[in-house]
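Numbering (the UniProt record's numbering), first residue to last: 1 to 116. Glycine included, C-beta positions come from ideal geometry on N, C-alpha and C. Presented below is the structure to which this report refers.
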């Protein structure tokens, strides 16, 4: 089911998201939770909204392009080793499949993502 039909708008910043605890093996600090909603799946791509509460977690990334809507965070790159990126509203970031990262969220982070 698509939440985003042609010629319509969705308020991605206000969309309610149900959160689940981050799996214990991914927690680096705190007690973070994440939530997401798929807005559209067409042509093999997925467009959605993802959110993480304060804390830190490790992850292995998929191919993704995202735009930060709200929050304050840093994403650190474990493999490949790259400089950390500050995440704040307006940041546009591209990730590639297999990147190992650590997300440290100081203020709930919300992003709109696109995966191919």
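Beta-bridge annotation (DSSP): residue 3 is not paired with any residue. The alpha-carbon of residue 116 is positioned some 15 Å away from that of residue 67. Every beta strand (DSSP E) of 3 residues or more that sits fully in the region 21 to 59 is shown, in chain order, as 27 to 29, 33 to 42, 45 to 52. Residue 86 is bridged by DSSP to 74. The residue among 34, 99, 110, 78 with its C-alpha nearest the C-alpha of residue 91 is 110.
Spatial neighbours of residue 8 in its own chain (CB-CB distance under 7 Å, excluding positions within 5 residues in sequence) are not present. Going by DSSP, residue 107 is part of the beta strand (DSSP E) stretching over 100 to 115. Residue burial is scored here from C-beta neighbours: residue 12 has at least 16 other C-beta atoms within 10 angstroms and is therefore classed as buried.
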